[in-house]
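> Chains as they are written, first to last, in my numbering: chain A, 1 to 265; chain B, 1 to 104.
C-beta: ideal position from N, C-alpha, C; glycine also.
Quick caveat: nothing in here was measured; it's all calculated off a predicted structure.
Take this structure, written in structure tokens, and hold onto it; I'll ask about it next.
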Amino acid sequence: MNQPPGFEVKGKEEYVFRLDKALYGLKEAPRAWTKKINSFLVQQGFLKCVTKHVIYCRNTTNKLIVCLYVDDMIVTGNNEEEMKVFKKNMMKKFEMSDLGNLTYFLRIEFELNSQGVLIRQRKYAQDFLKRFNMLNCKPISIPVDTGVKFSLVNDEKEVNPTLFKQIVGSLRYLCHTRLDIAYGVGLISRYMVKPTTSHLVAAKRILRYVKGTSSYGIQYSKNKSDELVGYSDSDWSGDKDDRKSNAAYVFMIGNAAFPWSYKKE
Amino acid sequence: MIEELDSIEKNDTWRLVQLPTDKKYIDVKWVFKTKLKPDGQVAKYKAMLVARGFLQKYGQDCYEVYAPVARMETIRLIVAIAVKNNWSMYQLDVKSTFLNGELE
């Protein structure tokens with residue numbers, strides 16, 4: 001790389017720096033970091049999960065699970081002492097901050113209550129309503145108008161596709177804790193290419209629904225059975241344009257959903 | 001700016017060398033940020049040195065760029081398991097993450 005502007009070494013202006021470590025903005029920077037944290041965790045006796053490469057487990061007498069999100073991580077396990085030792089080792093190796101109990105991760109709020117943990121995106125939902133000037137809208141109790149079938153081609157007025165895409169994108173992120181709007185969001189996101197007024201009305205309807213329900217989330221309860229339950233459904237060629245089906249599934253562990261999906265075939 | 005350069009120097013990030021004639025260098029630039037307190041007052045001025053990585057060519061300047069991120073389902077599953085077993089969860093955050101990675 002060239003020398004940082006304003007800080008050139010005197011008399012050696014034509015010299016360059018050879019990088020031994022990564023710098024922000026460099027393409028291989030994230031990779032270099034992943035390699036480093038991987039080798040550290042393996043050296044600490046962790047096993048990398050074969051299907052989900054961000055999960056590391058240590059299964060000696062006590063269990064310890066680490067979940068990575070680039071430079072953020074969640075640590076959990078059944079032994080407080082061991083977690084403390086692990087955190088200390090991490091701090092020795094890297095310059096890092098201990099944010100304490102898990103409360104706010106990737107704009108999702110984790111709230112400890114008497115039954116367990118409630119995850120929700122209340123703040124995100126509020127900010128999002130404010131961004132699209134829907135903070136003072138009238139709440140509505142159903143996210144999608146029943147019986148409405150949208151069509152890709154109609155003769156209504158077109159709306160600003162960028163605005164529409166922004167709404168859909170933000171709603172998709174909200175879906176991380178809200179499976180109740182997954183259908184509505186899936187529905188409107190099909191019309192991102194050429195949105196018209198009726199599509200925007202449908203999007204705004206979801207926003208109005210979110211306004212009334214922004215404190216909703218998923219409750220994970222302790223000491224429930226670890227039985228895995230799955231449901232799925234399909235509407236057999238419900239689409240007006242191409243006769244394809246809508247399908248959805250949800251899996252629950254201890255009565256709380258963790259993966260779900262709604263998609264059109 | 002001095003602070004940022006210090007932290008880079010401390011990390012042994014770079015060495016001053018002469019540019020080989022057949023190589024190009026990567027441009028760097030300064031990015032300035034003003035961090036505000038919630039009441040709108042200036043908390044601090046921050047300077048960050050960034051490489052203009054978009055000038056790199058795959059296979060010529062860089063090779064492996066893959067880094068995994070967690071899917072939301074995975075995070076939710078971890079939370080579900082932890083809560084069910086009544087384990088406590090902690091959150092850690094690494095500072096100057098990318099300065100930690102070593103290049104070949």
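(1) Can you find the residues in the same chain that come closer than 6 Å, C-beta to C-beta, to A/Y124, ignoring five residues on each side of it along the sequence?
(2) Under 7 Å Cβ-Cβ, which residues of chain B neighbour A/G77?
(3) Check whether the stretch 219-228 of chain A touches the stretch 192-210 of chain A, taking contact to mean three or more Cβ pairs, one atom from each stretch, closer than 8 Å.
(4) With a CB to CB cut of under 6 Å and the five nearest residues on each side skipped, what residues in its chain are close to A/R120?
(5) Below 7 Å on C-beta distance, what does B/D93 contact in chain A?
(6) Please compile the residues from chain B whose C-beta is within a distance smaller than 8 Å of the C-beta of A/I119.
(7) How far does the alpha helix (DSSP H) with A/N59 in it extend, from its first residue to its last?
(8) Is B/K84 close to chain A, meaning its C-beta is less than 8 Å from at least one C-beta of that chain?
(9) Would you mind giving the Cβ-Cβ distance between A/V70 and B/V50, rounded to the nearest angstrom? I have them listed as a contact below 8 Å.
(10) Taking the beta carbon of A/L187 as the centre, do at least 16 other beta carbons fall within 10 Å, making it buried, or is it exposed?
(11) Identify the continuous beta strand (DSSP E) that holds A/P195 and give its terminal residues.
(12) So what does DSSP say about A/P161, is it helix, strand or coil?
(13) Pop quiz: A/V75 and B/L92 are said to be a contact at Cβ under 8 Å. What is the actual Cβ separation, rounded to whole angstroms?
(14) Just to confirm before moving on: does the CB-CB distance between A/D235 and A/S245 stay below 8 Å?
(15) Can you tell me whether A/M83 is helix, strand or coil according to DSSP?
(16) Could you check whether A/L152 and A/V210 sit closer than 8 Å to each other, using their CB atoms as the reference points?
(17) Which same chain residues end up closer than 7 Å to A/D226 when comparing Cβ atoms and leaving out the 5 residues on each side of it in sequence?
(18) Give the interface partners of B/E73 over in chain A, defined as CB-CB distance under 8 Å, in chain order.
(19) Could you tell me which of B/Q18, B/R15, B/E3 sits nearest to B/F32, measuring between CA atoms?
(20) Measure from the C-beta of A/D226 to each C-beta in chain B and report whether the shortest distance is under 8 Å.
(21) Is the CB-CB distance between A/D127 and A/F105 below 8 Å?
(22) Given a cut-off of 8 Å, decide if A/A256 and B/A82 are closer than it, judged by their beta-carbon atoms.
(23) State yes or no: is the C-beta of A/V159 within less than 8 Å of the C-beta of A/T196?
(24) What residues in the stretch 30-64 of chain A bring their beta carbon closer than 7 Å to a beta carbon of chain B?
(25) Nearest to A/T60 by alpha carbon, out of A/N79, A/W260, A/L68, A/V117?
(26) Ends of the beta strand (DSSP E) at A/Q219?
(27) Tell me which residue opens and which closes the beta strand (DSSP E) that A/W260 is part of.
(28) Could you compute how far the alpha carbon of A/G230 sits from the alpha carbon of A/L112?
(29) How many angstroms separate the CA atom of A/L102 from the CA atom of B/K95?
(30) Which of the three DSSP states, helix, strand or coil, is assigned to B/Q91?
The structure says:
(1) Numbered from 1 along the first sequence, position 124 holds the residue referred to as residue 124 of chain A. Correct list, in chain order: R107.
(2) The residue given as residue 77 of chain A occupies position 77 in the first sequence. Per Cβ cutoff of 7 Å: W87.
(3) no
(4) For the purposes of this step, residue 120 of chain A is taken as residue 120 along the first sequence, with counting starting at 1. Here the set comprises E109, T177, G217.
(5) Taking the second sequence and counting its residues from 1, the one referred to as residue 93 of chain B is at position 93. Simply D71, D72, M96, S97, L99.
(6) On the first sequence, position 119 is the one that residue 119 of chain A refers to. Simply R76, V79.
(7) Taking the first sequence and counting its residues from 1, the one referred to as residue 59 of chain A is at position 59. Counting along the chain, A/N59 falls outside any alpha helix (DSSP H), though it belongs to the beta strand (DSSP E) covering 55-59.
(8) Sequence index remark: in the second sequence, residue 84 of chain B carries index 84 (1-based). Interface residue, yes.
(9) As a working note, residue 70 of chain A is residue 70 in the first sequence. As a working note, residue 50 of chain B is residue 50 in the second sequence. About 16 Å separates the two Cβ atoms, so there is no contact after all.
(10) Counting from one through the first sequence, the residue named residue 187 of chain A turns up at place 187. Looking at its Cβ environment, which holds 16 or more other Cβ atoms inside 10 Å, A/L187 is buried.
(11) As a working note, residue 195 of chain A is residue 195 in the first sequence. Neither: A/P195 is in no beta strand (DSSP E) and is coded neither H nor E.
(12) By one-based count along the first sequence, residue 161 of chain A stands at place 161. Residue state, collapsed to three classes: helix.
(13) Taking the first residue of the first sequence as position 1, residue 75 of chain A is located at position 75. Taking the first residue of the second sequence as position 1, residue 92 of chain B is located at position 92. That belief holds up - the Cβ atoms of A/V75 and B/L92 are roughly 6 Å apart, short of 8 Å.
(14) Counted from its first residue, the first sequence places residue 235 of chain A at position 235. Counted from its first residue, the first sequence places residue 245 of chain A at position 245. Closer than 8 Å, so yes.
(15) Position 83 of the first sequence, counting from 1, holds the residue named residue 83 of chain A. In the structure shown, A/M83 sits in a helix (DSSP, three-state: H, G or I).
(16) On the first sequence, residue 210 of chain A is found 210 positions in, with the first residue counted as 1. On the first sequence, residue 152 of chain A is found 152 positions in, with the first residue counted as 1. No, the Cβ-Cβ distance between A/V210 and A/L152 is not below 8 Å.
(17) Your numbering for residue 226 of chain A matches position 226 in the first sequence. I253, G254.
(18) On the second sequence, residue 73 of chain B is found 73 positions in, with the first residue counted as 1. The answer, in chain order, is F258, P259.
(19) Along the second sequence, read from residue 1 onward, the residue named residue 32 of chain B stands at position 32. Measuring from the Cα of B/F32, the nearest candidate turns out to be B/E3.
(20) Within the first sequence, the letter at position 226 stands for residue 226 of chain A. Chain B, which has a Cβ nearer than 8 Å to the Cβ of A/D226, makes this yes.
(21) Locating residue 127 of chain A in the first sequence gives position 127, where the first residue counts as 1. Locating residue 105 of chain A in the first sequence gives position 105, where the first residue counts as 1. Their beta carbons are not under 8 Å apart, which means A/D127 does not touch A/F105 by this criterion.
(22) As a first step, residue 82 of chain B is located in the second sequence; it is residue number 82 there, counting from the start. As a first step, residue 256 of chain A is located in the first sequence; it is residue number 256 there, counting from the start. No, the Cβ-Cβ distance between B/A82 and A/A256 is not below 8 Å.
(23) Position 159 of the first sequence holds residue 159 of chain A. Position 196 of the first sequence holds residue 196 of chain A. For A/V159 and A/T196, yes; Cβs fall inside 8 Å.
(24) P30, R31, A32, W33, T34, K35, K36, K52, H53, V54, I55
(25) Start at 1 with the first residue of the first sequence, and residue 60 of chain A comes out as number 60. Nearest of A/N79, A/W260, A/L68, A/V117 to A/T60, Cα basis: A/N79.
(26) Position 219 of the first sequence, counted from the first residue, corresponds to residue 219 of chain A. Note, A/Q219: beta strand (DSSP E), 217-221.
(27) Numbered from 1 along the first sequence, position 260 holds the residue referred to as residue 260 of chain A. From DSSP, the beta strand (DSSP E) with A/W260 extends over 256-264.
(28) Your numbering for residue 230 of chain A matches position 230 in the first sequence. Your numbering for residue 112 of chain A matches position 112 in the first sequence. The straight-line gap from Cα to Cα measures roughly 26 Å.
(29) Counting from one through the first sequence, the residue named residue 102 of chain A turns up at place 102. Counting from one through the second sequence, the residue named residue 95 of chain B turns up at place 95. Near 18 Å, if we compare the C-alpha coordinates of B/K95 and A/L102.
(30) Taking the second sequence and counting its residues from 1, the one referred to as residue 91 of chain B is at position 91. The answer is strand: DSSP assigns B/Q91 an E or B state.
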